[in-house]
Each structure stands twice: as structure tokens, then as C-alpha cells.
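Residue numbers (the numbering used here), protein chains in the order written: chain A, 3 to 255; chain B, 305 to 587; chain C, -4 to 346; chain D, 9 to 438. We put the CB at the ideal spot given by N, CA and C, even for glycine. Since this is a predicted model, take the numbers as computed values, not measurements. Worksheet: the structure to be examined is printed underneath.
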Amino acid sequence: MAKPKIAFFEFTSCEGCQLTVVDSLQDHPELLDAVEIVQFREAMSEKGEDYQIAFIEGSCSRPGDEAKLNEIREKADLVIALGACAHLGGVNAIRNRMPLEDVRKYVYGDKAEWYATYPARPISAVIPIDAVIPGCPIDRNEFIRAVTYLLQGRLPYIPDNPVCIECKLKGNVCVYHRGMTCLGPITLAGCDAICPTYGEGCDGCRGLISAPNIPALRTVLAEHGMNETDIEAKMTVFLTYQRMELEAADHDS
Amino acid sequence: MTTLLKETLQHSSIYVPTIARITAVRDLTELEKLFTLELPHHYSLSHRPGQFVEVSLMGVGEAPISITSSPSRTNSVFELCIRRVGNLTNALHQLQPGQFVGIRGPFGRGFPFERFRGKDLLFVPGGLGLAPLRSLINEVLDDRGKYGRITILYGARSPQDLLFREELAEWQARADVDVQVTVDRPDDTWGGNIGVITTLFKNLHLHARNTVAVVVGPPVMYRFVLMELLGKGISEGNIWFSFERRMKCGVGKCGHCQLQHIYTCQDGPSFSYADIKHLEEAL
Amino acid sequence: MGFKIMPKSALADWVNRLRADYRVVGPQPRHGQYVFAEINDPADLALDYPTSVLPPKQYLLPPREVLFNFQNSGMRIEANIKVEPTVILGVHTCDMHAIRLLDHVHNNGYADQHYQTHRANTYLVSIECLKPCMEHSFCKSMGTLTVPEEFDLHLTDLGTAYTVDIGSEKGEKLLEGFDQVWDASDDDYQLLSRVLTEKWPRFSYRLDFDVTELPDILNLSQKSSYWNELGDRCLACGMCTKVCPTCYCFDVSDTVDLTLKNGKRIRTWDSCQVEEFALVAGGHNFRSKRALRQRHRFLRKGKYQYEAFGMVGCVGCGRCAQACLVHITPVETFNELYRRSQRTEPAEVKA
Amino acid sequence: MTVKTVKVDVHHLTRVEGHGNIVVDVQKGELKQCELQIVETPRFFEAMLRGRPYGDSSTITSRICGICAVGHATTSLRATETALGIEPTQQTVLLRKLNFYGEILDSHILHAYMLIAPDFLGVGSVIPLAKSAPDVVLRALRMKKLSGDLCAAICGRHTHPIAMTVGGFTHFPTTEELYSLRARLEAMLTDVTATVELYQTLPIPDFERDTEYIALRKDSEYSFIDGTIASTDGGTWPVSQYRDVTNEYLVPHSSAKHAANQRQSYMVGALARFNVNHDKLHPQARAAADAMGLKPGCTNPYMNTVAQVVEIAHATYDSITLIDKLLERGIQWEEPVAPARLSGEGTGACEVPRGILFHNYVIEEGYVVGANCIIPTGQNLANIEADMRALVPQILDRSREDITLALEMLVRAYDPCISCSTHMLNVAFE
Ligand SMILES: Cc1cc2nc3c(=O)[nH]c(=O)nc-3n(C[C@H](O)[C@H](O)[C@H](O)COP(=O)(O)OP(=O)(O)OC[C@H]3O[C@@H](n4cnc5c(N)ncnc54)[C@H](O)[C@@H]3O)c2cc1C
Ligand code: SF4
Ligand code: SF4
Ligand code: SF4
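Now the structure itself:
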């Protein structure tokens, strides 16, 4: 089989996921033999337009991004969202709950109209996507695993487990028992529970599991000393967009 | 213990498969292919109809697949009918004769066909359910004299989805088998029955006391067919199913196929209705 | 064979001796709780620990275990059966009962050689529980407060020394050549007997009925609306099953390197509480509701395992109750089902 | 001067973090337009922090940048700690510094080897080098891996660190981990020497333009975390007066703000740090500077990468010293220091890879009510444009491709971190 041609693109993001891709070379330099990277602006000047697999980092946060997204969708056989910004809108979507004008003015003052922007969205809200590699940032082992899946001709698959599963596989003392709080019970695993392992509660960067029991978790958070503001803050670091979607769906039903 | 199992145990782990060679691949429909496999040193699989093997491709995964060939027909080779639905099955569909897959098994209890002797048999395959049933049907047909009347009611989604069409035609051609086929969605060429499988029961006459019914199909089909069969007066012990559950080991360890205290992989996958009717979650 | 006496002051020397020949693991403090981990310094060993986050089953059924490695796309397959002589120090009696159940499961039917090999190379040094380890344990009710015969050595804390009961040749081997143990004296026997008598009243029965009734109570509760109540509360986080010493379900997955030719097949502890556990291709989920999964869990513990193996699948360790963030506990569940089974209850479980 | 018309339009500069364009328009020898356009989408971090518990700040602001996430987190924590009257323990200070070195190393190695070196070796990226000079690429990957592992042992990972929290850490490296890192750092010293040797051979362009250099300074050490703001033009400021130094303003061609202090523009980053603090460098790092011909008072912006290589040496040697100190003290599991109060204002300042970074928060009753982050690349933008304006007339005789390359290399030398820089200040404070 010919080496698949892959390209990386980024929209509103910190480029940490692409850096993680670069980092993955540290343990897997053979990646360069397995695929042909034709576009990766952050790390290379060569630029090829002929690619089969497009990894897109970043959320769509201004009208001007949509044309480029459509163009990528057209050229690529497979489009894969790379990281929380592309997958969930990421931290960029925090502002979606705030009045947009207010946000722009707060940062740009009377020059706010110079800078085009609108609520930040995951790329799946603009173009159809084939798979996601979640996380903020992505996990480099998961990225390599995803590449092996793609080389095998199948889409990356992430089991629908909550983070607690991986946390307990590691035998961690639950951070709730250490006086902190955690979104592990409602968040999709695959990160090897890295945050609880390093003593911090999960912030939900990989998005929700398929059937999260959010009301029950809210009760747990309240029991652990959080007021409404804190609970909302916790649930909107990465989950703003998904939660707004769930709320909208609830409203419709 | 079968020879293959002995071979497997030589690897010192029940989870290590034996490598089997694909000798033929045939398209049955858009979604299903028939694979003929050969074990090393021409070992015999020595299976019973209704048993399954765990098929694997290294690096992709493993899945339970019923053995569709009848032990009465083939000895050194066996057949699997595989529907393309996901990771492993997609990858299997890419394979060509001469390539290899991993095999463990055969597992499960299979159908107790010796106990069916002397009875009338009613086979009710729905969709892919014909794959496991074909093994039993051919076993029975190859020993035709030992059984009473044989009826096959086969339902598929559309004419294109019908499996084993040539064999169906052969069975239909036989005077000693009554075969009826229905499809949910007919096309222009279809002249046969239309409707879900239960519609075939309307004109069905059988000696309820002396009939064993064997039903294999998707989970949704079971309840409806069961009602028809009980309605016809067939006894609970004479109604047989083959269950599909998620399975990760095939040997009663991984817990996925557990149905109350029963492990589908070991205690089944074939069960009589009498066996399981008291079990919540069974049907 | 009589009891031996090992002064507590000799423990560190003994552990260090063992470390020369074995991987030695035991309970150690971690963030206010205790975990089983390798003992690098005998001072870390906390034999008077209450309970551990994970049970010692992690050494018999590792959370992630490579079943086999393959090369050249599977034309070469090598089973990965690890022989790592391991001494587990300080196994509580409930966990010993759990290991007994795991033994039964993995030795019967198709024997699991991975488990068997770990087990054969594991030396179990259990310890008598002299007081309830935490609020959630209910070992007395489950009949797991005395040690089953599977131990290799069994310790009882007599204050300044341990009595050491030798249960097997493997156990004898652990003491071989160690000169800081000696035969128990009559006084020691008297002290031991006093310690063992005095411990019982410290434990209370937590179930409102006798454990032998449990399978029947659960059988009658299959359609109880209580499962829906649990289902509403349950987060489906799966912690209860991960920390349970008698849970052994697993998932299997493959990994390959970037050449796609070499890799391994791995099994990982799975949980019946997660959404995908009973999902089959085609999308049918045999236990799509949390209520049904909770029912499965508790019936498996209290009824199914008993029917399948003649052993109750819960040993009363209380770990699941400690882990559960929404306070779903076996004691409360079993008692509530018992109470409800005493009245007739019309409500049906919503399937 | 050549009477020439040249248009340079580099649309989306490559091998830099974030999106920027270079637009230069020379009509008949006259420079009409010379801009580094920042077209990265605005990120609005300051607005997003408002109303959140103070503990969220470092988690969220680390997402400003994937390369200097540890830098943002550290600066953010320092701002919060100042606001809430928290004095971190000695161990926290040591661990933060070691962690910081991990990021400095990671970022500088990435920049020196993967983003800059290809220009000198006539290739478009590190990928062809993997074939033509595999030892160089493997060396870079090896050094980068160790830097990342250094951070991982302390805070979990360097892109979006985990264990860093207000008042301390939630996880600590083990003694074994520290020993193993120390041994690997020792082994890396030969790679450091090889890096210096490589940079001795690279033809750094000749170009001088005098400007103001600003960096944090401490009497005790070559400062990365905390200190006083110091300028080569003279003058020092406490970090709380950062606004008097940065004087941010908006320009339409950039979603990042520009800054100016005593002149039209100033430079921050490795070269600025070197010019301000060379006397505090580790002797081995000073020797490396000498070997590469970098002298204090250097006004060639292309030498910024050389200054980074000097810092690679400094950070490696000093990491070993820090680990020795930590091992000597023994690692203690400490609870984070609790806040002394729940309201206050605080500024944090750190020298992240690309220069001085400020975070300023106003916290009321435990919730952030005002936030401002000033990013090094933003501070450099005006200076980069000033350099471009000075450079273009000097190289007008070259081909358009060469002019473009020279400009690209100039911008790249600053190691701009564009996604970082697209923030804006809190006008409410103006
Ligand atoms: C006793 C028995 C006999 C059977 N006989 C046959 C037969 O004769 N012929 C036949 O074709 N089939 C048979 N099946 C069904 C067959 O086992 C499944 O179709 C097979 O497991 C699908 O595997 P797959 O890897 O191709 O699909 P999967 O990749 O497992 O995908 C199937 C679906 O499951 C989901 N899924 C859940 N978990 C995972 C995961 N970990 N990885 C990937 N996807 C996941 C996916 O979303 C997908 O929709 C039988 C099943 C049983 C239990
Ligand atoms: S720390 Fe978080 S992920 Fe881990 S068990 Fe507790 S709630 Fe679950
Ligand atoms: S630990 Fe509690 S919340 Fe989690 S799955 Fe078990 S019962 Fe449900
Ligand atoms: S069900 Fe709970 S109490 Fe019972 S053995 Fe398992 S973890 Fe312990």
C-alpha cells in the first residue's frame, strides 16, 4: 500500500495538539516512514495540496474559516478532528455563554469591530467529520494508535468508557477523597486518567461519554462543597458547547 | 477435546489462536462472504452444528462466528459466513485465498440434534441467522431418514439479502423439504412472499406435539416468532434459539455474554425456551 | 503443624530477606488511603491498614495484561505468560475469600493459564482482621471474617509479635532459614485464643437477614422498582466493579506498531456498568439502562455467582461502597431489597 | 539605492506557532508598506476568565499556547498567588524552576533544530533532514524527549501541565525519577556541546539595528520566574508596574497588540535576556556564547537563536544543580499553601521562551473579575516591523525569493508565538 498522504491544518487553537504530534516523533520516528506528511505549517514550509487524510486542529470561530474548512473537506478523503478545540470547541467556546459584544469589547475596546469573530464551534458543526482524536492536548500514544488504525484502513475508535475506569485501572486514590472534584464519571476515557494521576480532577477535555448522568454528578459536586457558580465553571471549561447542545436538545424534546 | 483444542493448549494459553488458511472466498451478498478455511496439518475442526469459533486477525481483533458448514459435509475444511459490520469483519472481507486468520474453538454447546431425531423440524432463520442454521439443516438433510417433516421459513430484508441462494434452490427442489421464503422489501424480480417472517406462519400446519422449532435471527425477531410458535402449541422445551451476545473470550471468563448465571458462550449459544424463559434479559 | 511466633521487630528483616528472592508487595499509605504496591522499604509496609483502593487481585489478574505478542502479522504468536514470584503481604480475610472465588473461576471449565501461572507463583500472607476496617465493610455478615484455607502464611497480631500459621509448603518456604521465628508457647496460644475471641464482638452483623437467604431475596427482587432508583443515581462510572475483589470481567483489544506487522493482544479489566458492555454489532444493547446494569451487578454478586459456582460473589469488603460517589452500597441495597421483599411490591422494572 | 519594485507577500508564515503574514511593498525603491500581519483569530482569554473561581485561571490560560503552556501556567499562578498573599514554599520554587527549564529546553530545541536550522541547511523542514542528517534529527528528538520528560515527572506533561496549582503542586516526582533525570541530563551535555558546535558553523546573517532590550532581572540568578523588569536603556520597574513598560496599543493589521517603552519599540526574548543578564549565566553557558561569537550588547536580531542555544546550555547545567538541591533536601509531599485572603490584585511575570510574559488578575471573593495577559510576541511585533523596515533597503539588490527568505528568517528568529499573542488587554484598566 502506498503511504497515505496526510496534512495538518489549524484554526482557533494553541497548536498544542500539533506540537504533541511533533512530540510523538520522539518515541516513534518511524512515523515518518509510515505516512507522507504533505502539509504541516507549524513545522514545515513544503506545502502539498494532494492529501488523503486531513487532521484539523482548532475550532471554527469566525465566518472566514468556513470556506477553508469546506475546501479541506472537499480535498480530503478523511477529515479527523484533532484535539478538544476541533472536537468540542474547546476552551474557545467558554465565551459562547457570554454576550459576544461584551466579550469583544472587554478585550478589544472601541476597536472591537476590527476583528471578525462569532461563537466558537467544533469543526463538525461546519463540515462532516470522520473521526476525532479528543483531548486538550491530544494524548500522543492515542495519536499513534489512531494512525495505526488509519493505516489498517479503519477509523480510530475510542471505547465509550468514563475516565474513572482508567483511573481505577491505575489504582489511583479518587481525587474526591483527597478533597478535590473531578468530571471523570462523565468524561470519555482514553487519556489514561492523566489528570487524576497527577492529583488534579478531570476537567472534561475529552468530552462527554454517550450517556452521562449529569444531574447525579451535579449532586456529587454540590456535596463536595461547590456552589452553583463553581459547578457551572467546572462544567464549562471544555464542555460548554456540548452542554449547550444537550440543553437545546432537551428543550426541543 | 478436539484436536484443534489440543493444538491450542500446546500454545499454553487458551487465548492464543491457531492459524488457519483461507482456501476460498465467495461473495454471498453485498454484505456477506463465505470463507472456506483449512486448519494446519488438515486437522479436523470436529464441531457440532450451532457451535462457533473465535476468528481473529492480529492487530485488528477477534469475534465469535458460527460455523456454517455441516460436520456431515466437510472434514478437513470448514466454512464461515461473515457479515461486514465493523472493524474485524471489514478487515476479514479484504482477505484472499491463501491468507491466514486465527481460529480458536469450536466453542459452545451447539444444537442437541440427536434429540431431534424422529421429530418434525421447523427451521426459522431470519437474515444472517441462516448461517448457523445451515450447519444444522445440512446435518439433518444428510441424515434425512432419521427425521420427520422438515420445514424452513426464511426471512430476509430484500431479495438481494438472501444467503446461500443456490442451496436454498436445492432445498426447494427437494420433495422432502418445504421451504418458504419471504422478504420485507421486494424488488421487481421478486415473485415470492412479502412481509416479515411471522407472516409465513399463517398457512403453516404442523403436528405441534411432535415438532421441534429452531429459530435464529436478530434479537428483535425472537419475541414475535416465539409468540407464533407457542400459539401453535409447540412445547417450550421444543423451541430452540441461538443467542448473540457480546463475547470477548468464548470460554466463560470475560463476562460479556453473561445472561444471569449462564454464560452464553459456554452454556449456549443454543438454548431451548424452557431453559431460559425464567431469565430476565434473555429475550 | 503448630503456630510460629515472629516478633514485630523481626518483620523488617524478614521482608528484606524475601525481597532478595521475590517481588514483595503489601499495603502502603497513599493520600489518606492505602494501596498495594511493591515494598522497597519495609518501613512503608502498613500491615494494620484498614482497606486498600484496589484489592490484591491486581497481582493475579493484572488490570492490563498482554495475552500474547505476535510478529509478522501473526505468523508467529507467543503467549505472554509471566512467571514473577510474588509475595503478597497482609491480605485480609475477605480478600482471601475473593481469591478463592477467582481460583474457582479460572481453574474450572477452560482453565486460564495466565491466571494460573500468576497464582502458582504468588505467595499469600494473609492477616487476621481484629477490628472492622471501615464503616462500609460487612464481612461478618458475608461469612468472610475467618481465613479460608488458601493462605500460605497467616498472621495474627498479638501486640508485640505475630503468630504465623503455616498453611502450605509454599508458606514454609517463605520462612526457610529465617531464624527470628520460633514455635509458639502455651502462653502464646492462650493469648492468640483470647485475641481471636475478643475480636468477634467488635464486628457487627450489617445485613438484616442471613446471607443464605440472599440469592432468594434477589431472585424475588428482579422486577423491583428499586433498580430504577439506583439507575437514576448511578453515574455508570464503573468504579464499584473496578475495586471489587471478585469482579474479573475483561475486554480484549489489539495494538500494532506502525509497520502493522507486530503487536500484542491485551486484556483489560472491564465493567458491566458502562454503556457498551452488552452492546452487540447491529446496535442492540442487552443492558442499555443503568437500572438494568445495577441489577446485573448486584444479582451477579448475590445470586448468579452462587448459582454458577456455589459461592456468593460478594465478600463484604465494602470497597465499592467506599468508592461510589453517589453512595450506592451493597449493605443498603441488600437490606432495602429484603425490606421490600417482605411486602409485596407491584411496581415493575422499566425495561 | 536600487530603484526597484518588489512585493513580498508571505501568506501564513510557516514554521512558526500561529498565523501571520509578511507584507512588504516597495515601489520604485520606496518602502510603502512593511507589516507583519497577525491574522490569527482573536482568543478572548481575559474575557473568559471573568466570573470563574481563581483556581481555573492557570488551567485556562495554559491553553493560550501549546509551546509555552508551563510558562503561562507559572505566570498565572504567580499572579494569583500575589493577589491572594500566598508565599510558595522553597520546594515549590525549586520544582517550578526545574519544570520551567524543561519547557525552555523543549521550546528552544524545537526552535533551534526544527524551525530554524532547515533555513540554513536549505530545506523546507526537518523531514528531509531525517534522511540527509539523521544523527542531527535524532539528537534533537533525544534532547526534546528529555526536556518533555523533565516536565512530565513534575507536572504530568509540558503541553498543558497538570500538577501545578495555586500554592504548590498536587504531585511530586520520586527520588528515583530525579536520579534518572539527572543521569540523562549529564548524558545530554555532549548533545549540548554538539548543538553549540552546529551553531558555530551556521552562517547567521549580518544585520544590526540598535534597540531597547527588556528582561526580568534578579541579583541572585539568571531570572526566569519573578524579578524586576530591567532595560538596556536603563531603568527598572517592579512587575506590578508592567503597564508602564508595555504601553500596549492596537494596530488594524494585527489581532495582537503592539507595545513600546522608551523608544518606538523594544525586544524581549533570549537575546534580550542575554543582553540584560549575561553576567548571571552558568559559566558553561557563557563559554558557549563565546564559542558562538555572541557578546553582550549584541544588536543582531538573527542572533536570538544563538542566545537560545546559550540558554539551552544554561538550562541543562542549572537543571543538574537544581536536581542536586532537591535530592539533598529530599522531596516532601506538601499540601498547596492556602490563600491569606480571597480578594486582591496581583501580577505575575516570567521569562517564557520568547520573552517576558505578564498575567494580571483582579480577584474578588475568590472569583476573577478582571484579567490581563501580555505576551512576549505581542511586545516584539513593533520591533520586528522596525527591523523589517531597516532590513529591506539593505537587501533590495537581492532577488525577490532571497528577500522573502531573509524576511522570513528574521521573523522566525524571534520565534514568534502568534496564537499566544492574539489577546487584548483589559480596557477597563486603561
Ligand atoms: C455466538 C455468535 C455467533 C455469531 N455468528 C456470526 C456469523 O456466523 N456471522 C457473522 O457475520 N456474525 C456472527 N456473529 C456476530 C459477530 O460476532 C459480530 O458481528 C462481530 O463481533 C462484529 O465484529 P466487528 O469487529 O466486525 O465489529 P465491531 O467493530 O465490533 O463493530 C460492531 C459495532 O459495535 C460497536 N463497537 C462496540 N465496541 C467496539 C469496539 N471495542 N471496537 C469497535 N467497535 C465497537 C461499533 O460501534 C459497531 O457498530 C456472531 C456472534 C455471536 C455471539
Ligand atoms: S479521580 Fe476522577 S476519574 Fe478518578 S475515580 Fe475519582 S472521579 Fe473517577
Ligand atoms: S461506583 Fe456507584 S456511580 Fe459508579 S457505577 Fe458503581 S454504583 Fe454507579
Ligand atoms: S461487591 Fe463491593 S463489598 Fe462486595 S466484594 Fe465487591 S467491592 Fe467488596
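- Judged by DSSP secondary structure, M1(C) falls within the beta strand (DSSP E) whose first and last residues are -1 to 2.
- As summarised for the segment 25 to 108 of chain C, the continuous beta strand (DSSP E) elements at least 3 residues long and confined to that stretch are 28 to 33, 59 to 66, 71 to 74, 81 to 86, given in chain order.
- The beta carbon of V364(B) sits closer than 9 Å to some beta carbon of chain A.
- For the options E145(C), V269(C), Y105(C), the alpha carbon positioned closest to that of L119(C) is the one of E145(C).
- With a threshold of 9 Å between beta carbons, A138(D) makes contact with chain A.
- G175(D) and P344(D) do touch by the CB rule: their CB atoms are close to 3 Å apart, below 8 Å.
- Contact of Y200(A) with chain C is not assigned, every C-beta pair being separated by 9 Å or more.
- When DSSP states are grouped into helix, strand and coil, K259(C) belongs to the strand group.
- Contact check for R352(B) against F417(B) passes: the beta carbons are separated by less than 9 Å.
- Secondary-structure assignment with DSSP links P429(B) through a beta bridge to V520(B).
- Residues of chain C whose Cβ lies closer than 9 Å to the Cβ of Y243(A) do not exist, since the nearest Cβ in that chain is about 21 Å away.
- Scanning the segment 176 to 256 of chain D for uninterrupted alpha helix (DSSP H) segments of 4 residues or longer gives 183 to 209, 250 to 254, listed from N- to C-terminal end.
- Taking R58(D) as the centre and dropping the five residues before and after it, the same chain places the C-beta of V376, V377, G378, A379 closer than 8 Å to its C-beta, in chain order.
- If you draw a 10 Å sphere on the C-beta of W177(C), you find fewer than 16 other C-beta atoms in it, and that means exposed.
- Sorted by position in the chain, V238(C), C239(C), P240(C), T241(C), K296(C), C309(C), V310(C), G311(C), C312(C), G313(C), R314(C), C315(C), P325(C) make up the residues whose C-beta lies under 6 Å from a heavy atom of ligand 4.
- Rounded to the nearest whole angstrom, the C-alpha separation of L157(A) and Y151(A) is 6 Å.
- Taking a cut-off of 8 Å for Cβ pairs, the segment 232 to 247 of chain C and the segment 263 to 282 of chain C touch, as three or more such pairs fall below it.
- For the segment 48 to 64 of chain A, the beta-carbon criterion of a distance under 9 Å to any beta-carbon of chain B is satisfied by none of its residues.
- In this structure, the C-beta of Y29(C) stays at least 8 Å away from each heavy atom of ligand 2.
- Take A390(D), set aside five residues on each side of it, and the residues of its chain with a beta-carbon closer than 7 Å to its own are H266, A267, A268, Q272, S273, in chain order.
- Look at the segment 109 to 123 of chain D: the residues with a C-beta under 9 Å from a C-beta of chain A are D114, L118, M122, L123.
- As DSSP reads the structure, Q41(D) sits in a beta bridge with D33(D).
- DSSP assignment within the segment 457 to 493 of chain B yields the following whole beta strand (DSSP E) runs of 3 residues or more, N-terminal first: 482 to 487.
- Within chain A, no C-beta atom comes less than 7 Å from the C-beta of A316(C); the nearest is roughly 13 Å away.
- Restricting attention to beta strand (DSSP E) runs no shorter than 3 residues, the segment 388 to 428 of chain B encloses them at 404 to 411, ordered along the chain.
- The C-beta of R147(A) comes no closer than 9 Å to any C-beta of chain B.
- The Cβ-Cβ distance between P136(A) and G233(C) does not fall below 9 Å.
- Taken through DSSP and simplified to helix, strand or coil, D395(D) comes out as helix.
- CA-CA distance, C169(A) to Q53(C), rounds to 14 Å.
- Excluding residues up to 5 positions away in sequence, H351, R352, P353, G354, Q355, S574 lie with their Cβ nearer than 8 Å to the Cβ of G414(B) in the same chain.
- K194(C) and T151(C) have their C-alpha atoms spaced approximately 11 Å apart.
- Between the segment 189 to 200 of chain A and the segment 61 to 77 of chain C there are fewer than three C-beta pairs closer than 8 Å, too few to call the two in contact.
- Excluding the 5 residues flanking it on each side, A512(B) has same chain C-beta neighbours closer than 7 Å at K536, G537, I538, in chain order.
- Beyond the five residues adjoining it in sequence on each side, A414(D) comes within less than 8 Å, by CB distance, of P213, L399, I403, R406 in the same chain, given in chain order.
- Of all residues in the segment 26 to 41 of chain C, only H26, G27, Q28, V30 come within less than 7 Å of chain A when Cβ atoms are compared, listed by chain position.
- Straight-line spacing of the CA atoms in R97(A) and E319(D) works out to 38 Å.
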